[in-house]
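Read through the structure below, which is laid out as structure tokens, and then see the notes.
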Amino acid sequence: MRYLPGLILTALLIVNPNAGMAVTPDVPTAIENFVSKLYPEGSHYYWVINQTKTESPQEMIIDILTTLRTETDKQEQESRFLLLIIQGQLFAAQKIPLGSEVDCDNDEEV
762 MRYLPGLILT ALLIVNPNAG MAVTPDVPTA IENFVSKLYP EGSHYYWVIN QTKTESPQEM
822 IIDILTTLRT ETDKQEQESR FLLLIIQGQL FAAQKIPLGS EVDCDNDEEV
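For the sequence shown, my numbering begins at 762 and goes up steadily by one.
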């Protein structure tokens, strides 16, 4: 009986190998952390996902639109970014023009 807990844990890891992996932040948390660093503390902002492309189970490209609301001039400031998320962590970010066409598909060899 004293081996039962170890046996159960081993069986669970065999059935679900991801259970033994370290927990990484989820994609919305990674995006929120990125956007919160863009704007000063106490700012009123929100973000919207325009498009996503999953390269692999661990890699995702996300096209987001961020909007900052300022109280002084009542205007919204919008910015657009492409984010590369790898294993739930922000790996890279690139600011792109608001009206640009984005093709997140894989490059094809010619």
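Idealized CB from N, CA, C, for every residue including glycine.
Inter-residue Cα distance where the pair is residue i and residue j
i	j	result
Pro-766	Asp-787	Note that Pro-766 has pLDDT 47, beneath the 50 cutoff, so the model's placement of it is unreliable and the number below is only indicative. For Pro-766 and Asp-787, the distance between alpha carbons rounds to 30 Å.
Glu-816	Val-796	23 Å
Leu-799	Ala-854	12 Å
Thr-813	Val-863	10 Å
Ser-861	Thr-833	29 Å
Val-784	Asn-794	At Val-784 the pLDDT is 42, less than 50, meaning the model places this residue with poor confidence; the figure from the coordinates comes in the next sentence. Looking at the two C-alpha atoms, the distance is approximately 17 Å.
Phe-852	Pro-801	22 Å
Tyr-818	Thr-790	First, the amino acid is wrong: residue 818 is Pro here, not Tyr. Answer to the nearest angstrom: the Cα atoms are 17 Å apart.
Glu-837	Gln-848	32 Å
Limits of the alpha helix (DSSP H) - the one that residue i falls within
i	result
Thr-815	That residue, Thr-815, is in no alpha helix (DSSP H); its beta strand (DSSP E) goes 805-817.
Thr-911	The first residue shown for the chain is 762 and the last is 871, placing residue 911 beyond what the model contains.
Residue i, enclosing beta strand (DSSP E) - first and last residue
i	result
Ser-861	From DSSP, Ser-861 is part of no beta strand (DSSP E); its letter is neither H nor E.
Gln-836	Unbroken run through Gln-836: none, as it is neither H nor E.
Glu-820	820-830
Beta-carbon proximity check, residue i vs residue j, cutoff 8 Å
i	j	result
Thr-831	Trp-808	no
Sequence-distant residues of its chain with Cβ nearer than 6 Å to residue i (five each side left out)
i	result
His-805	Arg-830
Gly-803	none
Lys-856	Phe-842
Chain-order list of residues whose beta-carbon lies under 7 Å from that of residue i (same chain, five-residue window excluded)
i	result
Leu-859	Glu-839 and Arg-841
Asn-811	Asp-824, Ile-825 and Leu-826
On the three-pair Cβ rule with 8 Å, is the region 814-823 touching the region 842-856?
Between the region 814-823 and the region 842-856, the count of Cβ pairs shorter than 8 Å is three or higher; the stretches touch.
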